[in-house]
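Comments concern the structure below.
Protein chains: 2
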Amino acid sequence: MARPIASDHGAKQGDILDRAAELFAQDGYASASMQGLAVACGLSKATLYHYYATKDALLFDLLDRYTQRLLALVAESEAAAQRKQLNDPATLHELIRQLLATYERAGPRHAVLLTDAKQLAPEQHALITQRQRDLVAAVTRLLTRAYPERATPEHATALTMMLFGMVNWTFTWLKPQGRMSYHAFAELVIATLESGLQGS
Amino acid sequence: MARPIASDHGAKQGDILDRAAELFAQDGYASASMQGLAVACGLSKATLYHYYATKDALLFDLLDRYTQRLLALVAESEAAAQRKQLNDPATLHELIRQLLATYERAGPRHAVLLTDAKQLAPEQHALITQRQRDLVAAVTRLLTRAYPERATPEHATALTMMLFGMVNWTFTWLKPQGRMSYHAFAELVIATLESGLQGS
DNA sequence: CCTACCGATCGGTAGG
DNA sequence: CCTACCGATCGGTAGG
Numbered sequence: 011m012a013r014p015i016a017s018d019h020g021a022k023q024g025d026i027l028d029r030a031a032e033l034f035a036q037d038g039y040a041s042a043s044m045q046g047l048a049v050a051c052g053l054s055k056a057t058l059y060h061y062y063a064t065k066d067a068l069l070f071d072l073l074d075r076y077t078q079r080l081l082a083l084v085a086e087s088e089a090a091a092q093r094k095q096l097n098d099p100a101t102l103h104e105l106i107r108q109l110l111a112t113y114e115r116a117g118p119r120h121a122v123l124l125t126d127a128k129q130l131a132p133e134q135h136a137l138i139t140q141r142q143r144d145l146v147a148a149v150t151r152l153l154t155r156a157y158p159e160r161a162t163p164e165h166a167t168a169l170t171m172m173l174f175g176m177v178n179w180t181f182t183w184l185k186p187q188g189r190m191s192y193h194a195f196a197e198l199v200i201a202t203l204e205s206g207l208q209g210s
Numbered sequence: 011m012a013r014p015i016a017s018d019h020g021a022k023q024g025d026i027l028d029r030a031a032e033l034f035a036q037d038g039y040a041s042a043s044m045q046g047l048a049v050a051c052g053l054s055k056a057t058l059y060h061y062y063a064t065k066d067a068l069l070f071d072l073l074d075r076y077t078q079r080l081l082a083l084v085a086e087s088e089a090a091a092q093r094k095q096l097n098d099p100a101t102l103h104e105l106i107r108q109l110l111a112t113y114e115r116a117g118p119r120h121a122v123l124l125t126d127a128k129q130l131a132p133e134q135h136a137l138i139t140q141r142q143r144d145l146v147a148a149v150t151r152l153l154t155r156a157y158p159e160r161a162t163p164e165h166a167t168a169l170t171m172m173l174f175g176m177v178n179w180t181f182t183w184l185k186p187q188g189r190m191s192y193h194a195f196a197e198l199v200i201a202t203l204e205s206g207l208q209g210s
């Protein structure tokens, strides 16, 4: 009978991914060494290689899980909006709040997604890119329903990318425990979508 | 008597920086090799090292020049606005058009600035970071004058970063020669700042 | 402007 | 025979 996998195998992988996200976000994937990651995890390099066969496999698992989580947020937000019987604009606003709440806890992962996905092998890179396209398509759908007059077929994608810009750019400047909270910033984004920056 | 510097020394440096921006943007600074850059430039590696003493010095020159250019845009836009006797919102809109027109031709440089500045030595990194802070401060000033009711002291920085998000994020999706032009996108950003996404 | 080559360090794997 | 791990070192390649 084969010996079962240690019960904390998955938990240790999760620990490694947390450390890797921090290290890769700080130094860049290519510059970060597996030796450095092993030390950060309190493991020997050989033990680290027990959990991930290659450095690439580690990066892929990190981005695979994270992009799946982001896609799941869309479904969750739509479900929550239906439960609360929200209208279309309110459903989009709910997703914006959920996205920023996620970014608040996933800053390093988001930085790695944006800067290091291109370091993956072409096939793996394509899979992650497709996930991001699916996310954009889902948000475009919500935004088209929320603001049908402005989000014409001609402009819907550009407006979606404008929204992703506002929200995703936070990884460069917004910090948990900073003066401006992620929650307050979400409301600022929503208010700007609603009526722009002119005084009321 | 010291041998004079070749008259095309500066021009060749410019060529190298153009190729380096493309290569670094594509592969990442750490993963791109000086050998690969030399080949892309049609030079031997030794000749490349004639123009830049180290790989770091090349990256620094690239980002030093580019951030200086971005800062100069603010001064130029303000001068142009004064010449045309534009009001405060129109002055900010002029800068948004100028920024996007610059990004249209500097896509690779912008990608390198956003992803690889952290690879510089701490002192050089600090200088580039300060340039970006100066740029943010200048835009915050324009935005506060343009939209004084919304851009309160409490919210001005966050709104500025929201604007930078919309505009800077283009490096991930907007392409010269694509369906949506940089000029059209600038107008979309301006319209959103003016009145949001609700139908008029 | 080239070929030849260095000291250092990388990702990944061996035996036990 | 398995797993979970260690100390040591491999071949290959980077910047210079």
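If you read the sequences in order, they're chains A and B. Here our numbering is used: the first residue of the first sequence is 11, the next is one more, and so on. Here our numbering is used: the first residue of the second sequence is 11, the next is one more, and so on. All C-beta atoms, glycine included, are put in the ideal place defined by N, C-alpha and C. On a predicted model such as this, the values are computed, not experimentally measured, just so you know.
#1: Going by beta-carbon coordinates alone, are T112(B) and R79(B) separated by less than 9 Å?
#2: Quick check on DSSP: helix, strand or coil for T162(B)?
#3: Can you find the residues in the same chain that come closer than 7 Å, C-beta to C-beta, to T154(A), ignoring five residues on each side of it along the sequence?
#4: Measure the alpha-carbon distance for R151(B) versus A90(B) and round it to whole angstroms.
#5: Comparing C-alpha positions only, which one of P163(A), R189(A), M172(A) sits nearest to A3(B)?
#6: Does N178(B) come out as helix, strand or coil in the three-state DSSP assignment?
#7: Please state if the CB of L203(B) and the CB of G206(A) are separated by a distance shorter than 9 Å.
#8: Along the chain, where does the alpha helix (DSSP H) that runs through K55(A) open and close?
#9: For the region 163-183 of chain B, which residues have a CB atom closer than 9 Å to at least one CB atom of chain A, in sequence order?
#10: What is the C-beta distance between L69(A) and D126(A), in whole angstroms, given that I count them as a contact (C-beta under 8 Å)?
#11: For the region 32-66 of chain B, enumerate the residues whose C-beta is nearer than 7 Å to any C-beta of chain A, in chain order.
#12: Please list the partners that S4(B) has in chain A, where partner means a Cβ-to-Cβ separation under 8 Å.
#13: Which residue wins for smallest C-alpha separation from M171(A), given the options A147(A), Q36(A), L73(A), M44(A)?
#14: Using CA atoms only, rank isn't needed, just tell me which of R141(A), L81(A), R115(A), A136(A) is closest to S191(A).
#15: Using the beta-carbon count (16 or more within 10 Å), is R93(A) buried or exposed?
#16: Indicate whether at least one CB of chain A lies closer than 9 Å to the CB of T150(B).
#17: In whole angstroms, give me the CA-to-CA distance for A100(A) and T182(B).
#18: Give every residue of the same chain whose Cβ lies closer than 8 Å to the Cβ of T77(A), excluding the five residues on either side of it in the sequence, and list them in chain order.
#19: Following the continuous alpha helix (DSSP H) through A100(A), name the residue where it begins and the one where it ends.
#20: Could you check the C-alpha separation between A30(A) and D25(B) for me, to the nearest Å?
#21: Under 8 Å, CB to CB, which of the residues in the region 123-149 of chain A have a partner in chain B?
#22: Skipping 5 residues on each side, what residues in its chain have a beta carbon closer than 8 Å to that of E54(A)?
#23: By Cβ distance, which residues of its chain are closer than 7 Å to K22(A), with the 5 residues on each side in sequence left out?
#24: Measuring CA to CA, which of D37(B), L102(B), R75(B), D71(B) is closest to E86(B)?
#25: Could you check what DSSP says for G46(B) in three-state terms: helix, strand or coil?
#26: How would you call A63(B), buried or exposed, if buried means at least 16 neighbouring beta carbons within 10 angstroms?
#27: Check the Cβ of F195(A) against every Cβ in chain B and list those closer than 7 Å, keeping chain order.
#28: Assuming L110(B) contacts F195(B) (C-beta within less than 8 Å), just tell me the rounded distance between them.
#29: As a quick exercise: from D66(A), V149(A), H19(A), pick the residue whose alpha carbon is nearest that of K128(A).
#30: What residue range is occupied by the uninterrupted alpha helix (DSSP H) comprising T139(B)?
#31: Which same chain residues, not among the five before or five after I200(A), have their C-beta less than 7 Å away from its C-beta?
#32: Verify the CB distance criterion: does L109(A) have a CB-CB separation below 9 Å to chain B?
#33: Using a 10 Å radius around the Cβ and a threshold of 16 neighbouring Cβ atoms, would you call G52(A) buried or exposed?
From the atom records:
#1: yes
#2: coil
#3: A161, A166
#4: Each residue's CA atom was taken as its position, placing R151(B) and A90(B) some 17 Å apart.
#5: An answer regarding residue 3(B) cannot be provided, because it is not within the stretch 11 to 210 covered by chain B.
#6: helix
#7: Yes.
#8: 55-61
#9: E164, H165, T167, A168, L169, M171, M172, L173, F174, G175, M176, V177, N178, W179, T180, T182, W183
#10: 7 Å
#11: G38, A40, S41
#12: Residue 4(B) lies beyond the range of chain B shown here (11 to 210); nothing can be said about it.
#13: A147(A)
#14: R115(A)
#15: exposed
#16: no
#17: 27 Å
#18: Closer than 8 Å at Cβ, skipping near neighbours: L123, I138, R141, Q142, L145.
#19: 98-115
#20: 37 Å
#21: Cβ contacts with chain B: L124, T125, D126, K128, Q129.
#22: The amino acid at residue 54(A) is misidentified as Glu; the sequence shows Ser. Sequence-distant partners of S54(A) (beyond 5 residues in either direction) whose C-beta falls short of 8 Å from its own C-beta, in its chain, are A48.
#23: Y61
#24: L102(B)
#25: helix
#26: exposed
#27: A168
#28: Separation of the CB atoms of L110(B) and F195(B) is rounded to 6 Å, and the pair is thereby assigned contact status at 8 Å.
#29: D66(A)
#30: Where T139(B) is concerned, the enclosing alpha helix (DSSP H) stretches over 132-156.
#31: In chain order, H103, I106 place their CB closer than 7 Å to the CB of I200(A), counting only its own chain and leaving out the 5 sequence neighbours on each side.
#32: no
#33: exposed
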